[in-house]
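In my numbering, the protein residues as written are 235 to 389. Down below is the structure, laid out as structure tokens.
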């Protein structure tokens with residue numbers, strides 16, 4: 235089980251998600267980070283950066299996925315990390331919530347509006363963000379609360 239990240243464009247801010255994920259592993263979490271997408275940005279920026287973190291062996295690059303593969307990844311994951319710098323709407327957040335995943339997202343208007351109180355807003359401090367994510371992933375009651383709220387918000 236792990237967390238999903240969409241990484242096909244620089245504004246998706248995968249660098250922040252890699253740093254947060256590295257802290258999750260340092261704090262004892264034993265999941266994976268699955269990065270979806272296939273482009274020059276992933277090859278030239280994200281992959282080299284991922285090789286430099288302590289948890290590099292737990293970062294999986296999924297490449298381009300079909301709709302069916304994406305649905306399977308949602309079912310196999312524990313949450314969506316979406317630390318985008320800007321978004322027009324935030325469709326991945328709505329899609330993940332409707333699929334029963336908690337969403338951990340950046341504090342930008344589009345994502346705050348889409349997620350509402352069903353998302354965990356992340357700040358600028360990776361260690362603090364990792365602690366916030368762990369509070370949800372490791373507490374079944376909190377986890378289920380975010381899953382339930384997400385399903386309601388996305389319907």
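For glycine and all other residues, C-beta sits at the position ideal for the given N, C-alpha and C. Keep in mind that this is a model prediction, so the values were computed, not measured.
Below-7 Å beta-carbon distance, residue i vs any chain B residue
i, result
"residue 243", "You won't find chain B in this structure, because it holds only one protein chain."
Member of the options whose CA lies at the smallest distance from the CA of residue i
i, options, result
"residue 272", "280, 333 and 357", "280"
"residue 286", "276, 320 and 253", "253"
"residue 304", "371, 372, 240 and 369", "240"
"residue 314", "320, 329, 300 and 302", "329"
"residue 331", "348, 317 and 340", "348"
"residue 278", "353, 242 and 264", "242"
"residue 266", "371, 384, 385 and 387", "371"
Per DSSP, cross-strand counterpart(s) of residue i
i, result
"residue 297", "270 and 271"
"residue 238", "268 and 314"
"residue 337", "314 and 353"
Neighbour-count burial assignment, residue i, 16 or more Cβ in a 10 Å radius
i, result
"residue 375", "exposed"
"residue 261", "exposed"
As assigned by DSSP and simplified to three states, the class of residue i
i, result
"residue 322", "coil"
"residue 252", "helix"
"residue 368", "helix"
Would you call the stretch 282 to 296 in contact with the stretch 312 to 325, where contact means no fewer than 3 C-beta pairs closer than 8 Å?
No, because fewer than three Cβ pairs between the stretch 282 to 296 and the stretch 312 to 325 fall closer than 8 Å, the two stretches do not touch.
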